[in-house]
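Respectively, the protein sequence lines represent chains A, B and C. Going by our numbering, the first residue of the first sequence is number 11, and it counts up by one from there. Going by our numbering, the first residue of the second sequence is number 251, and it counts up by one from there. Going by our numbering, the first residue of the third sequence is number 281, and it counts up by one from there. This report concerns only the one structure given below.
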Amino acid sequence: MKIDNSLPLEYSTEENSNKILGFWIFLGAEIMLFATLFSAYFTLVDRTGTGPTGAEIFEIAPVLIETILLLTSSFTIGLGIHAMRLGNKKAMLTFFTITLLLGLGFLSFEIFEFVHYVHIGAGLQTSAFTAILLTTLGTHGAHVTFGLFWGLFIILQVKKRGLTPETANKSFIFSLYWHFLDVVWIFIFSFVYLKGMM
Amino acid sequence: MKWALYTLLFTIATLLTGCEPLMVLDPKGPQAETQAKDILLSTGIMSFILLAVIAILIVMLTKYRASKQRKDYEPPHIEGSVLVETICVGIPVLIVIFLSIVSVQSNYKVEATPQGYEDKEPLIIYASSSNWKWHFSYPKENIETVNYLYIPTDRPIEFKLYSYGPITSFWIPQLGGQKYAMSDMVNTLHLAADVPGEYMGRNANFSGKGFAENTFHVKAMSEKEYEEWVKEVKKTAKPLTENKFTQLLEPGHLGQSTYKGTHLEFLPPPEGENGGHNHGSTHDAKAENHEDLSETSSESEHHHE
Amino acid sequence: MDFFNRFAIPHPSPAIYASMVAIGITVIAVIAGLTYFKKWGYLWREWLTTVDHKRIGIMYLISALLMLFRGGVDAIMMRAQLAVPENKLLDAQHYNEIFTTHGIVMIIFMAMPFIMALMNFVVPLQIGARDVAFPRLNALSFWLFFMGAMLFNISFIIGGSPDAGWTSYFPLAGTEFSESVGSNYYMIAIQIAGIGTLMTGINFITTILKMRAPGMTLMKMPMFTWSSLVTNAIIVFAFPVLTVLLLMGTMDRLFGTHFFTTTNGGMDMLWANFFWVWGHPEVYILILPAFGIYSEVISTFARRNLYGYKSMVGSMVIISLLSFLVWTHHFFTMGQGALTNSIFSITTMAIAVPTGVKLFNWLFTLWKGKIEVTTPMLYALLFIPTFTIGGVTGVMLGMSAADYQYHNTMFLVAHFHMVIIPGVVFAMLAGLTYYWPKMFGFMLNEKIGKWSAWIIAISTLLAFIPMFFSGLDGQARRMYTYSESTGFGPWNMVSFIGAAGLAVGFALIVYNIYYSTRYASRDIAADPWDARSLEWATHTPVPAYNFAILPQVNSSEALWDAKKHGHELFPGKYEKIHMPNNSGVPFIMSCIFFVWGFSFVFSIWIPLILTTIGIFVCMGLRSFEKDHGHYITVDEIKETENNLRGA
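If you want it as structure tokens, here you go:
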């Protein structure tokens, strides 16, 4: 395995730089995935059938909390990667842990939100609108859940194996994923919630 | 000049297929005629392209076969030439532009009241499909038929299409092309018949088990005959009750039948305030209602004209 | 007992029972054979766990040929049913199932793996790489595709086939109108295979962008590699749409949502739109690699460089962009109005321009060449006129007003078969014959090969030209029968004869494989066709590491340069080579996916939850695994190279 020391650790081998490019392409596919969900959402948003409209069920407080938690986590993982570049393993692990805790907080609020929707009669089967709302949010939430496990595995590996080209690469890719989820959330926040509440 | 070309193409098409002309190329109404003209025109141009390609291929193959060349012949290295590429792009672009103009013009023709019929009052017919039947409601005349359609000639006809169930496609090839009938919106299809006659109509979009037999019979007749028929129906036909219509909606095949009154009154089509996103509430309640009813009346009647 | 009732076929027939028996016997025979010849270990070590792109390519190839058989049997049954009016061979339900599975099998489980087979085998060799960027992901892609295909194929003996057409339009495919589990199979099997395809897309883009031989700039890549790059880019952008679409379809069918239903705000048109937003690019995913194969074959056997390389690349890129802008032409008749139809009519016809450029470039590649008509070249030459028929009728279909008359008729069926068979199938057969010696170390018989090419080409015309006429005469597609008075009889009879001819042609190809395996000479050169690009520069059979020394390239025809202009292809000396390790995880994970899919289809929730956990455990294990591959030493390379050179 040839290691090029002039590059950051996460890019230092050919395999590593392949993986990062591959992951960017994967994110391209993910953008299409969410774009499709969004276009389905915009098509079905007014088709509420017998069910409630968005304005009737959205509540600003939990959504704002979710947004703040996720945006902060995106910031802390950035700090984590910065620490990784400086070779500070302990700081990096701390920031990664904070990120995952914030993510967990986000997820808890989202689950709470879902339970609330079902409770007030906006379940998956209520109408085309509620179905696409819960599917879009759920797909994002499933991504976050997956990210929590993934991040946990990476923390364990960095802890055990130290900062090697391999673990640095994994951590960096994970941070791309996490930022991406944040970007998707910004779209959800603006175009699903804010637009829906207006 | 243009007419001579069309006549020639029509003749060739007719000769090619024996004595019976192909249905689509034997139009009996202005819309079908527009479409048949487009089809023949594009077939002509496309045949020319096909022949050109085959000709070039034959020339290349006869001139440059290995067996026709010296043993030590080394083919040269040739990059593309800008001139040749420009021609290769230019000619297709010109053809596409020409066809686009034709296509766009025809689009607006087939989506409007047929040419030559603009000043006449259109006859509105709601054509709705259910598995695997067609229901034709004449709202103004206040009559409804199943699986057959009587229309006057020399009068534009506006079909309002929708479906109780899978997407279907309303198609009378000799009067004009098809359009979808769907459950959550009403589509409008403009047709007209120039000459009296009997035409085949069918659902062209696959809709399940009974699809192949999902046809209807179209008869175009003079305005006078048509009026008489309407009068006759109003006098003799049984009224269409909600109960009866629910029976008709049940999946299966039915013969032809005729009713006084239409289902539009008690089961409005998915248009206006009943269309799109709003139809969930009203329509849903109705649908449930119908399921209950259909359980009690399971036998289906066959009426024949 | 209730539990088992769900597995019963809702619509049995003697043919299905016969297939059940045949499948049972085949499975037993395969298991017995493997046990008797003690080949389980070999199968596991060399194939099931392999991450070698060449072997994965060959496995794709075998799957594609198997699926071609399945789809072909469906086709013959359909044409036989329609050969005469009011035929009683099949009933409506059976016919509906058959045309549905024919479409899906041929497009998703035959044509796709066929192009994947050639891409896997050829692309790394053509760019002078030792494998793809992510070899293990590649194995996972294959096994997911394979398990998806198997899951789909058992539908007709367990629970019932899908019967709503390959487009599976809702609400017909919803639970309201399709109660059997058939459409569940559709949603889930294609989902599993689709995930595999998406990963292939990512893998090959990375491979092509990052692992090209030194000196091979983008504009010096061979045309097949270019077509693969463009194709995989389309895959990455189109397949996520399918993922979401199938997810929504699954939810409608299994969780009672109202995306596409007739009530509670559901919108049937959304399915049609999303389906074709994926479906139309999918057509180009199939055709572009085929164009790549033709470019290679025509240039090789015209003994000339490809005419207009730059415009070939440019036209592919333009086609790939346009492919996302034409989906509405699949339903001009949905009532979008004249303006929308006009716009999509123009974009549709515009695709004819870059396609025409490619066609003329191939013709001009023949110009001043020294044309040798081998079997692959024969396919390519037969492709040009037959594909043109398909192509120009496509332009005719693009004229939306006229499309109101073509839509849903046999005219349309004739058009897309005249595009896909000459475009994709001929190309795959050309590619198969062309690359066969590189794959297996012997040539296919040329005489039998040419016979089959001619028979297939003529039968294609016989089978599909009549459909143009019966379509214009009012024969709708997907009708299981028609009355004699319609006059469709003779057209369909000719079609049936053509279909039978196609069956003969394919049988001849199978015979050719058998015949050549037995009798062909094993003593062939590494470059038996006197070709031009890198895949022919390495030995036959190709060693595991592909190239002992990475090739140095300075044009798109590196091998030709080396042969004719004294270009030094392999400068430098042997160095140890890093290779990935084999792994059983992709196979095992895909097997779990199969059980997952099966449980999903039949809504058996406990195994579904267990297998879901199993899938994530596999991914977790992969995360923790330390696998740095292995090295092939210089001595081993020397030994291999000497053996191959001696042979």
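Idealized CB from N, CA, C, for every residue including glycine.
Chain B within 8 Å of residue i, Cβ atoms only
i                            : result
valine 597 of chain C        : no
phenylalanine 389 of chain C : no
asparagine 585 of chain C    : yes
glycine 649 of chain C       : yes
histidine 687 of chain C     : yes
lysine 730 of chain C        : no
proline 665 of chain C       : yes
serine 221 of chain C        : The structure shown does not extend to residue 221 of chain C, since chain C spans only 281 to 927, so no value can be given for it.
alanine 838 of chain C       : no
glutamate 652 of chain C     : yes
Rounded C-alpha distance that separates residue i from residue j
i                         : j                            : result
glycine 161 of chain A    : phenylalanine 904 of chain C : 12 Å
alanine 429 of chain C    : glycine 321 of chain C       : 24 Å
threonine 668 of chain C  : leucine 888 of chain C       : 48 Å
histidine 153 of chain A  : leucine 191 of chain A       : 7 Å
serine 460 of chain C     : tyrosine 791 of chain C      : 39 Å
isoleucine 303 of chain C : alanine 39 of chain A        : 38 Å
alanine 295 of chain C    : asparagine 464 of chain B    : 27 Å
proline 175 of chain A    : leucine 525 of chain C       : 38 Å
lysine 99 of chain A      : leucine 144 of chain A       : 39 Å
alanine 630 of chain C    : aspartate 683 of chain C     : 16 Å
histidine 858 of chain C  : isoleucine 305 of chain C    : 43 Å
is_contact[residue i, chain A] using C-beta, thresh 8 Å
i                         : result
lysine 973 of chain C     : The shown model of chain C, from 281 to 927, leaves out residue 973 of chain C, and the question about it has no answer.
proline 746 of chain C    : no
alanine 413 of chain C    : yes
isoleucine 917 of chain C : no
proline 520 of chain C    : yes
valine 516 of chain C     : yes
leucine 478 of chain C    : yes
Chain F within 8 Å of residue i, Cβ atoms only
i                        : result
methionine 42 of chain A : Looking for chain F here will not work: the only protein chains present are A, B and C.
Status (buried if at least 16 other CB within 10 Å, exposed otherwise) for residue i
i                           : result
proline 501 of chain B      : exposed
leucine 229 of chain C      : The displayed coordinates of chain C run from 281 to 927. Any statement about residue 229 of chain C would go beyond what the structure contains.
lysine 321 of chain B       : exposed
phenylalanine 52 of chain A : exposed
histidine 385 of chain B    : buried
aspartate 907 of chain C    : exposed
threonine 543 of chain C    : buried
tyrosine 799 of chain C     : exposed
Assumed close pair residue i, residue j - CB separation to whole angstroms, cut-off 8 Å
i                            : j                       : result
proline 415 of chain C       : valine 331 of chain C   : 4 Å
tyrosine 715 of chain C      : leucine 398 of chain C  : 7 Å
phenylalanine 456 of chain B : arginine 758 of chain C : 4 Å
Neighbour flag for residue i against chain C, beta carbons, 8 Å
i                            : result
glutamate 361 of chain B     : yes
alanine 316 of chain B       : yes
leucine 311 of chain B       : yes
phenylalanine 163 of chain A : yes
glycine 113 of chain A       : no
threonine 293 of chain B     : yes
threonine 60 of chain A      : yes
alanine 454 of chain B       : yes
proline 326 of chain B       : yes
- prompt: Of the residues that make up the region 534 to 549 of chain C, which ones have a beta carbon closer than 7 Å to any beta carbon in chain B?
  reply: For chain B, the residues of the region 534 to 549 of chain C that bring a beta carbon within less than 7 Å of one of its beta carbons are Thr542, Thr543, Asn544, Gly545, Met547, Asp548, Met549, in chain order.
- prompt: For the region 424 to 437 of chain B, which residues have a beta carbon sitting closer than 9 Å to at least one beta carbon of chain C?
  reply: Contacts with chain C (Cβ-Cβ distance below 9 Å) from the region 424 to 437 of chain B involve Gln424, Gly426, Gly427, Gln428, Lys429, Tyr430, Met432, Ser433, Asp434, Met435, Val436, Asn437, listed in chain order.
message: Using a Cβ-Cβ cutoff of 8 Å, what residues of the region 457 to 482 of chain B are near chain C? List them in chain order.
response: For the region 457 to 482 of chain B, the set of positions with a beta-carbon nearer than 8 Å to some beta-carbon of chain C reads Ser457, Gly458, Lys459, Gly460, Phe461, Ala462 in chain order.
task: Select from the region 361 to 384 of chain C all residues with a C-beta closer than 8 Å to any C-beta belonging to chain B, and list them in chain order.
output: Only Ala372, Gln373, Asn376 from the region 361 to 384 of chain C bring a Cβ to less than 8 Å from some Cβ of chain B.
message: Give me the subset of the region 709 to 722 of chain C whose CB atoms are less than 7 Å from a CB atom of chain B, sorted by chain position.
response: Residues: none.
query: Looking at chain B, which residues of the region 283 to 295 of chain C have a Cβ within less than 8 Å of any of its Cβ atoms?
result: Answer in chain order: no residues at all.
- prompt: Can you list, in chain order, the residues of the region 68 to 99 of chain A whose Cβ is nearer than 9 Å to any Cβ on chain C?
  reply: Per Cβ criterion, the list is empty.
field: Residues of the region 131 to 156 of chain A with Cβ closer than 9 Å to any Cβ of chain C, in chain order
entry: Hits within the stretch, in order: Leu134, Gln135, Thr136, Ser137, Ala138, Phe139, Thr140, Ala141, Ile142, Leu144, Thr145, Thr149, Phe156.
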